[in-house]
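Take a look at the structure below.
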Amino acid sequence: MSTYLTKRMLYMLIILFAASLLIFCLYALTPGDFITGNIKLTAERKAELREIYGLNKPVLERYGTWMNNAFHGDFGYSLAQQKPVLQLFGDYIWNSFLLAAVSTFLTWLIAVIIGVISAYKQYSWFDTLVMIAIFAAMSLPSFFIGLFLIKILAVDLKWLPPGGMMTTGSNATGFAYFKEVVHHMTLPVIVMTLLGLGSLTRYFRSNMIDVLKQDYIRTARAKGLKERKVLFTHALRNALLPAITLVGFELPALFGGSIIIEQIFNWPGIGQLYMKSFGLRDYPLLMGFTMFLAILTVIGTLLSDILYRVADPRVRL
Amino acid sequence: MEPLMNIDRLSTVFFTEDGKVTAVDEVSFSIREGETVCIVGESGCGKSVTAMSIMGLVEEPGGKISGGSIDFRGEDLLRLDKNTLRSIRGNEIAMIFQEPMSSLNPVMRIGEQIMEPLLVHLRMNKKQARARAIELITQVGISRPEQIMGSYPHELSGGMLQRIMIAIAISCGPKLLIADEPTTALDVTIQAQILDLLRGFKENSGMSILLITHDLGVVAEMADYVIVMYSGQIVEEGGVVELFQNPKHPYTRGLLKSKPVMGQRLEELYSIPGQVPSPLALEPSCYFHDRCGHCMDVCRTRQPQLQETGSGQKVACWLYEEAEVYV
Amino acid sequence: MAADSRVSEITAPRVNLRKSSLFRQSLRRLLHNKLAVAGFAVVLFMFVLCFIGPFFSPYTDNKINMAMMNKAPNLQHWLGTDALGRDILTRVMQAGRISLTVGLASMVLSVFLGALLGAVAGYYGGLLDQIIMRIADLLMTIPSLPLLFIFGALLSEWKIKADYRMYIVMLMLSMVNWPGLARMVRGQMLSLREREFMQAAVVLGLRDRRKLFGHLLPNIVPLLIVMATLNIGGAILSESVLSFFGLGVMPPTPTWGNMIDAANNILDFQERPWLWIPPGLSIFATVIAINIFGDGLRDVLDPKQKR
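Protein chains in written order, with our numbering: chain A, 1 to 317; chain B, 1001 to 1327; chain C, 2001 to 2307.
Next up, the structure:
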């Protein structure tokens, strides 16, 4: 296990290193920067600022500096916000996490329940309906369904606020604050849950169908166990096992925010921060964000692998 | 001896993509208390489906019991509601399967799996169930039962797992144990041990066994009464001694001939020519006619009925009906 | 138990019959799946609507008509008109041409790249395999949306003519999509290589190219067809996201994605839903139909693979 881990970690580092170089070069290739876009500055001031931020140096040298700083835990300084990138992440990431965690939890819960029932009643009208719903959820353009629900539930029916995390100008505290946030996050959570539900329900359904065909399910029935026990103890345990690998893959989604949803719902998360910075060409932040996601992806993959080995009694470490 | 179970004209059908298949076709037989009944036949003859029908585990919507009755201690199993049937399953009628390796849940500990029927049917508490489970593991001849309780199935061998399956099956003291090819997947030496174990429990507890096998060696060793099935029907049945000494149906004869006999070396082992007919294309005829060496015109057009012959055997073959009428 | 009821299949005795009978068998089973047939019908309908529909529309010239600005759906303009008085239905059909073309073309390119690189990596192994798969790993490590955004921004900054942008968008989408496909094809190759018929091909002394293209690739064609079908849906969705955020295909070339951009205008969003709901529903209908059809195809062609 330990040699395996060392090998994996080493490979991870190399991939991340290569990814960082690629991302850096891509951003550097993009003409224009934060200073060019600022029309308030004079030409001299622009040159001066470029000098200060090192933007006039060759790409590779800049990359070297960036990498060196990154190794020392410094992911740069946002030019637009005038704050360290890491501090900005700290400010925004929990808003993203709140949204992602609640919707991920709901997605898994609903997906498991529907998946199990649908598999148990395979080919019934309920199952057909679920299959169609699964495909519908998988085929939704995320931004469109977001806009569509805002239009209906917020604009027309006025049941829910159309966006943001708080009502503008509100300074509620305590329970009132909590209530207001919940009220605001309902719509984005619904959309995110809807979007995630399709593939996950399908995954559990097909896992369950496979498991239900196994000999040990027949044994459990032959023992005279209640059907509920057969399904939720004997079958579900086996169907959930491979899903543990998915937990790792959820990692980037949990902390990386959702660019599209946060943008549509004006949610002050890390994804919206990215979109805002993208318009301003705030490279240190863009670079930091993209690298952050890449790191989460790589760690998530490793985590999945380890979790699977831990969870399945058949896989020896 | 009283009959424990009386099966009358049981039929089970499956609905496949290509049409309806009658896997069990009006099969009738009975099992007496303390008796071992063996069902023999090639794969696909409907013997496993018969067992699953008795257990009430024919999978819907693909399969369905289409007729007949299964009388067990005065009640028709086919007419019982789901809950009553479930309280009989694993309790009064238990079953073990062909593949011990895949028949136990891979992510549950052995102990938990043995305790389940005890908790459900005998309403023991966890502590009692645990003690009883340990006892059962010892009874099926496995040492260090405490350690086994905490193991997962993949940590044990096939023979051990089949012993565990037996322990689960006998845990509630069943009246009838259905064993579907219990030794087929095991090594020859282990096979004998498992059969010994089954015979031992049978003798001690007086339970009946319905043993399903294609292995005539197993039949000779275990059976009191033998049922030969072909294409979903019983073609011959009788006491084990009579049947082995005086097989009537050409198919039974073929089966016995194709078994190697100690001390007798042949150039080539006999094999019955041809294949089991497709269950989709069955015409009214003796289903064995195109493989039979004694095929007559009547065999191609009419189905022979199961008839008593003199020696207490029953056989479904035109050879004997004709013989009785004309000779 | 299931084995007992299984019917032994009678296979066609003559070899040259086998190919067509396999195809016909698959087709028969596909036609049996009502959902898949319905999916195919919708896909076909969308294609016919978008590619032939505009010929029957009196509004194809996109002339600016001040008298007909921002009209709600009515008898002349079934889906209403936009701020320039253009007919929305006609726009949706014209946009569909672009969106469907981008989806199809980027699928062809991704599948071509993915299959070729994956097959080469899986077949030759060694250094070539290492290089290809490491590049694939790299591209899969970088999250695809930011990657697409960077590409999109590069396009904007390089002032690429709007007409050409759709071709670049196709390229971008295939760049993001091929690694997953390559990885899968490679896995298939590795397992196929060990199978008996390939060892027979080695014994026969066939050339590499013959082995690769004559024996191995045909065996993964069913898988590729399925993946390709499902890929179109994904590509149409990605294109719409990019175009919605103004990083994909830009007006005046209409796509479903950039038509929904109207929703970014608060007045259009709240008061004139006919501007952005029809293109959104078009995306949804097309993608769901493709996905359902693709899933039906998978059941028929590749029954082992479920997810």
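A virtual CB, placed ideally from N, CA and C, is assigned to each residue, including glycine.
Small disclaimer: the values here were computed from a predicted structure and weren't measured.
Are any of the Cβ atoms in chain A nearer than 8 Å to that of residue i?
| i | result |
| --- | --- |
| PRO2273 of chain C | yes |
| VAL2202 of chain C | no |
| VAL1107 of chain B | yes |
| THR2101 of chain C | no |
| LYS2047 of chain C | One detail in the question is off: residue 2047 of chain C reads as Phe in this sequence, not Lys. With 8 Å as the cut-off, PHE2047 of chain C does not count as an interface residue toward chain A. |
| GLN2130 of chain C | no |
| PHE2269 of chain C | yes |
| GLY1090 of chain B | yes |
| THR2141 of chain C | yes |
| PHE1201 of chain B | no |
| ILE2088 of chain C | no |
| LEU1057 of chain B | yes |
| PHE997 of chain B | Here chain B comprises residues numbered 1001 to 1327, so residue 997 of chain B is not present and cannot be evaluated. |
| LEU2242 of chain C | no |
| VAL2287 of chain C | yes |
Would you mind giving the Cβ-Cβ distance between residue i and residue j, rounded to the nearest angstrom? I have them listed as a contact below 8 Å.
| i | j | result |
| --- | --- | --- |
| GLY1044 of chain B | VAL1219 of chain B | That belief does not hold up - the Cβ atoms of GLY1044 of chain B and VAL1219 of chain B are roughly 18 Å apart, past 8 Å. |
| ASN1125 of chain B | ASP1071 of chain B | Not quite, the Cβ-Cβ distance comes to about 35 Å (not below 8 Å), so this is no contact. |
| MET1095 of chain B | ALA1133 of chain B | Rounded, the Cβ-Cβ distance is 19 Å, inconsistent with contact. |
| THR193 of chain A | LEU106 of chain A | 5 Å |
At a Cβ threshold of 8 Å, is residue i touching chain B?
| i | result |
| --- | --- |
| ARG8 of chain A | no |
| LYS223 of chain A | yes |
Leaving out five residues on either side along the sequence, give the residues of the same chain with a beta carbon under 8 Å from the beta carbon of residue i.
| i | result |
| --- | --- |
| PHE249 of chain A | GLY300, THR301 and SER304 |
Could you check what DSSP says for residue i in three-state terms: helix, strand or coil?
| i | result |
| --- | --- |
| ARG1144 of chain B | coil |
| THR1184 of chain B | coil |
| GLY1067 of chain B | strand |
| ALA43 of chain A | helix |
| GLY1310 of chain B | coil |
| ASN238 of chain A | helix |
| GLY2126 of chain C | helix |
| VAL1058 of chain B | coil |
| ALA2012 of chain C | Below a pLDDT of 50, predicted positions are generally treated as unreliable, and ALA2012 of chain C, at 32, falls in that range; no measurement from the model is reported. |
| GLY1217 of chain B | helix |
| THR30 of chain A | coil |
| GLU1033 of chain B | coil |
| SER2005 of chain C | Summary for SER2005 of chain C: the model assigns pLDDT 36, below 50, so the residue's position carries little reliability; its value from the coordinates is reported in the next sentence. Reduced to three states, the DSSP call for SER2005 of chain C is helix. |
| PRO284 of chain A | helix |
| VAL2249 of chain C | coil |
| LEU86 of chain A | helix |
| ILE1330 of chain B | Any property of residue 1330 of chain B remains undetermined from this structure, which presents chain B solely from 1001 to 1327. |
| PRO162 of chain A | coil |
Count the other CB atoms, across all protein chains shown, that sit within 10 Å of the CB of residue i; report buried if there are 16 or more and exposed otherwise.
| i | result |
| --- | --- |
| ASN2177 of chain C | buried |
| ARG2086 of chain C | buried |
| GLY73 of chain A | exposed |
| GLU262 of chain A | buried |
| TRP2276 of chain C | buried |
| MET9 of chain A | exposed |
| GLU2239 of chain C | buried |
| THR173 of chain A | exposed |
| LEU1198 of chain B | buried |
| ASN1083 of chain B | exposed |
| PRO2218 of chain C | exposed |
| ASN2291 of chain C | buried |
| SER142 of chain A | buried |
| GLY1090 of chain B | buried |
| TRP2256 of chain C | buried |
| THR42 of chain A | exposed |
Which residues in the same chain as residue i place their Cβ atom closer than 6 Å to its Cβ, once the five residues preceding and following it in sequence are excluded?
| i | result |
| --- | --- |
| LEU2139 of chain C | PRO2179 |
| MET12 of chain A | VAL298 |
| GLY1063 of chain B | PHE1014 |
Leaving out five residues before and five after residue i in sequence, what residues of the same chain have Cβ atoms less than 7 Å from its Cβ?
| i | result |
| --- | --- |
| SER1030 of chain B | PRO1003, MET1005, ASN1006 and ILE1007 |
| LEU2224 of chain C | VAL2111 and ALA2115 |
Answer with yes or no whether the minimum CB distance from residue i to chain C is below 8 Å.
| i | result |
| --- | --- |
| SER139 of chain A | yes |
| ALA220 of chain A | no |
For chain F, check one thing: does any of its Cβ atoms lie closer than 8 Å to the Cβ of residue i?
| i | result |
| --- | --- |
| THR290 of chain A | Absent from the structure is chain F; the protein chains it does hold are A, B and C. |
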